[in-house]
Amino acid sequence: MNNLDLILGFLLLLIAAIFMLFRMLVPGKQTGSSFRVIPALESMRKAVYLSVEEGNRLHLSLGNSALVSPAFSSALVGFNAVEPMAQVSMLGDRPPVITSGDGGLAILSRDRLASVFRAGAAAQHDPLRSRLCGVTPTGYVLGAIPILRNEKVSTNILMGHFGAEVAVLGEVADRSESYMLGASDSPMAQAVMYATTKDVLIGEELYALPAYLQSGRAFVASVRTQDILRWILIVVMVGGAFARLILSLVGLQ
Amino acid sequence: MRGIPATFVAVLTAVMILLGYFVSLPALESARTLLLGWAVTLVSVAAIVGVFNLVAVHWRKLFIPGRERDVYSAFFLLAFFVTLVVGLWLSPSDAQYQHIVTSIQAPVEISLMAVVAVSLAYGVLRMLQRRRDLMTILFVLSVLFFLILESGILAPLAYNPLLKQILHLVNRIPLAGARGILLGIALGSLTTGLRVLFGSDRPYRG
Numbered sequence: 202m203n204n205l206d207l208i209l210g211f212l213l214l215l216i217a218a219i220f221m222l223f224r225m226l227v228p229g230k231q232t233g234s235s236f237r238v239i240p241a242l243e244s245m246r247k248a249v250y251l252s253v254e255e256g257n258r259l260h261l262s263l264g265n266s267a268l269v270s271p272a273f274s275s276a277l278v279g280f281n282a283v284e285p286m287a288q289v290s291m292l293g294d295r296p297p298v299i300t301s302g303d304g305g306l307a308i309l310s311r312d313r314l315a316s317v318f319r320a321g322a323a324a325q326h327d328p329l330r331s332r333l334c335g336v337t338p339t340g341y342v343l344g345a346i347p348i349l350r351n352e353k354v355s356t357n358i359l360m361g362h363f364g365a366e367v368a369v370l371g372e373v374a375d376r377s378e379s380y381m382l383g384a385s386d387s388p389m390a391q392a393v394m395y396a397t398t399k400d401v402l403i404g405e406e407l408y409a410l411p412a413y414l415q416s417g418r419a420f421v422a423s424v425r426t427q428d429i430l431r432w433i434l435i436v437v438m439v440g441g442a443f444a445r446l447i448l449s450l451v452g453l454q
Numbered sequence: 004m005r006g007i008p009a010t011f012v013a014v015l016t017a018v019m020i021l022l023g024y025f026v027s028l029p030a031l032e033s034a035r036t037l038l039l040g041w042a043v044t045l046v047s048v049a050a051i052v053g054v055f056n057l058v059a060v061h062w063r064k065l066f067i068p069g070r071e072r073d074v075y076s077a078f079f080l081l082a083f084f085v086t087l088v089v090g091l092w093l094s095p096s097d098a099q100y101q102h103i104v105t106s107i108q109a110p111v112e113i114s115l116m117a118v119v120a121v122s123l124a125y126g127v128l129r130m131l132q133r134r135r136d137l138m139t140i141l142f143v144l145s146v147l148f149f150l151i152l153e154s155g156i157l158a159p160l161a162y163n164p165l166l167k168q169i170l171h172l173v174n175r176i177p178l179a180g181a182r183g184i185l186l187g188i189a190l191g192s193l194t195t196g197l198r199v200l201f202g203s204d205r206p207y208r209g
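Residue numbers (my numbering), protein chains in the order written: chain A, 202 to 454; chain B, 4 to 209.
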């Protein structure tokens, strides 16, 4: 990275931080409920409540990103889904199962699940419901297949970093007639999930998920900041393309 | 209350690492290297804890009554302990040990990738049954189109300069789409990181 890249990166970070802090301190009228409707999330909500009602289990997969990798941000989003999902699951007979492909993710998911159950139904908590299924991407998928097949899972929510191998989980879920929502930071996994799962979140919809599931100011502020930054990028890219075109037309480039 | 010191440490560490990335001060850079080194060690310890968790889960699955009992867990435990003992005895860097492990692991992983190819082909066919909207039809058509394009059947068309330009343009469409998705993901990652930096998003509870 050269100095210009570093300066531009720092500027973008600074703009994002200022917007986000402003939105957190001055939230305005808009709340999480005023966002556009994402049909996949509506289906997911219905599937979660249905699985609790039918006495089935909920499976949340956090993928296989390491704690020190850039892809960890997608797993962080997955952590935000643990609490609301576990709280709904506590109403049913079977506690949820959380799987991951990294030791750090397994420890953090266990911690999250334990905190939810400590607050509500400590007796129901089973520490082995937060699991490491395998330490390689393929190992993870192979380890997760028996959970989908044998543990009365009727709703699968995949949120995190995956590769093309996630297609196998989609296929297993399809055969066991269980619901699956896929959300990943990897464009390849998004394409694969689009073909193999019932519902999928495309692009940055994954990062908007915490604002839809929880009503914290920070979550709403981060979605608004994403929107503002997106517009800034669009203006810069389109403006840059026009400027280049004009420069080439007048013969300056 | 237990979360406050953890949040303080996390935010302080994040700020130091971020400053070490942007500002080239020797003290900050060495602090950043030291903290990242600690993080890598912690991740390794977490991996060991995760493996214990994996063994505990399979041990229980072997003895649990009902549908959740899985006899394949016995194979897992046997393979795990044999690999562990032999690895400790010969050391993981031993060439023969590595050869045996990869000779088992590689075919299994390659077989799964073959299953992935079949699953994807089947998934695309099933898509039209599951969702019958414009986007699905477009997706399936573009999959078929790019399969034909990448197969090389249309290669003779590239001799015509106009068709060559058109094919070149068409080939850029998926790249443009992927770039758009990646930009959105980058912005999402940025705001997620900022939430952690502000201490409002904590993956740890304590």
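Glycine included, each C-beta is placed from N, C-alpha and C at the ideal position. Since the model is a prediction, treat every value here as computed from it, not as a measurement.
For residue i, three-class secondary structure by DSSP
i, result
"A/I216", "helix"
"A/L268", "coil"
"A/N279", "The sequence as given places Gly at residue 279 of chain A; Asn does not occur at that position. Note: A/G279 maps to helix in three-state DSSP."
"A/Y395", "helix"
"B/N163", "coil"
"A/V354", "strand"
"A/D428", "helix"
"A/G210", "helix"
"A/I299", "strand"
"A/A384", "strand"
"B/L185", "helix"
"A/V401", "strand"
"B/G6", "helix"
"A/M291", "coil"
"B/R70", "coil"
"A/S262", "strand"
"A/R332", "strand"
"B/I81", "Looking at the sequence itself, residue 81 of chain B is Leu, so the reference to Ile does not match. If DSSP states are grouped into helix, strand and coil, B/L81 belongs with the helices."
"B/L137", "helix"
"A/H362", "strand"
"A/N257", "coil"
"B/V88", "helix"
"A/E378", "coil"
"A/D312", "helix"
"B/P29", "helix"
"B/T16", "helix"
"B/T225", "Residue numbering for chain B in the displayed model covers 4 to 209; residue 225 of chain B lies beyond these limits and cannot be assessed."
"B/S114", "helix"
"B/G40", "helix"
"A/H326", "coil"
Selected residue, minimal CA-CA separation from residue i, among the options
i, options, result
"A/G364", "A/M394, A/I358, A/R350, A/A442", "A/M394"
"B/F142", "B/W62, B/E153, B/V199, B/L128", "B/L128"
"A/V354", "A/A368, A/R376, A/Y341", "A/R376"
"A/V249", "A/S274, A/P228, A/A217, A/P285", "A/P285"
"B/D73", "A/E254, A/I348, A/G371, A/M291", "A/I348"
"A/T350", "A/S379, A/I299, A/V451", "This sequence places Arg at residue 350 of chain A; Thr is not what is there. The residue with the shortest Cα to Cα distance from A/R350 is A/S379."
"A/M298", "A/S274, A/L214, A/E352, A/A276", "The question names Met, yet the displayed sequence has Val at residue 298 of chain A. For A/V298, the nearest C-alpha among the options comes from A/E352."
"A/N357", "A/L263, A/L407, A/P388", "A/L263"
"A/L242", "A/S274, A/M360, A/D206, A/I208", "A/M360"
"A/T300", "A/V451, A/G210, A/F220, A/G279", "A/G279"
"A/G321", "A/P338, A/G293, A/I346, A/L333", "A/G293"
"B/A179", "A/P388, A/P228, A/I447, A/L329", "A/P388"
"A/S275", "B/A117, B/L193, B/Q132, B/L150", "B/L193"
"A/N204", "B/A9, B/G6, B/F25", "B/F25"
"B/L115", "A/P228, A/A323, A/Y341", "A/Y341"
"B/I67", "A/I308, A/L329, A/L209", "A/L329"
"B/F79", "B/I176, B/L172, B/I107, B/A158", "B/I107"
Cβ neighbours of residue i in the same chain (closer than 7 Å, five flanking residues each side left out)
i, result
"A/L343", "G335"
"A/Q391", "S385, V401, I403"
"B/T76", "Rather than Thr, the amino acid found at residue 76 of chain B in this sequence is Ser. Counting only Cβ-Cβ distances below 7 Å, and skipping sequence neighbours, we find H61, K64, L65."
"A/E372", "T397"
Whole-number beta carbon distance between residue j and residue i, since they are thought to touch under 8 Å
i, j, result
"A/D312", "A/N265", "That belief does not hold up - the Cβ atoms of A/D312 and A/N265 are roughly 18 Å apart, past 8 Å."
"A/L268", "B/V46", "5 Å"
"A/V283", "A/L314", "6 Å"
"B/L3", "B/G23", "Missing from the structure shown is residue 3 of chain B; chain B here goes from 4 to 209 and no further."
"A/A272", "A/L430", "Not a contact, Cβ separation roughly 20 Å."
"A/L370", "A/A345", "6 Å"
"B/V58", "B/T86", "Contact doesn't hold; Cβ gap of about 12 Å is too wide."
Cβ-heavy atom distance, residue i to the ligand MG, below 8 Å
i, result
"A/T337", "This structure simply doesn't include the ligand MG, nor any ligand for that matter."
Own chain partners of residue i with C-beta closer than 8 Å, once the 5 adjacent residues on each side are dropped
i, result
"A/F318", "A287, M291, P296, Q325, H326"
"B/G187", "none"
"B/L39", "I20"
Sequence-distant residues of its chain with Cβ nearer than 6 Å to residue i (five each side left out)
i, result
"A/A368", "V393, T397"
"A/M225", "R418, A419, A422"
Quiz item: Are the segment 235-250 of chain A and the segment 406-422 of chain A touching, with three or more C-beta to C-beta distances below 8 Å?
Solution: They touch, by the three-pair rule.
Quiz item: Taking one C-beta from the segment 196-208 of chain B and one from the segment 417-428 of chain A each time, how about it: are there three or more such pairs within less than 8 Å?
Solution: Touching, per the Cβ criterion.
Quiz item: Which residues, taken in chain order from the segment 132-159 of chain B, show a beta carbon closer than 7 Å to some beta carbon of chain E?
Solution: The displayed structure is made up of protein chains A and B, and chain E is not among them.
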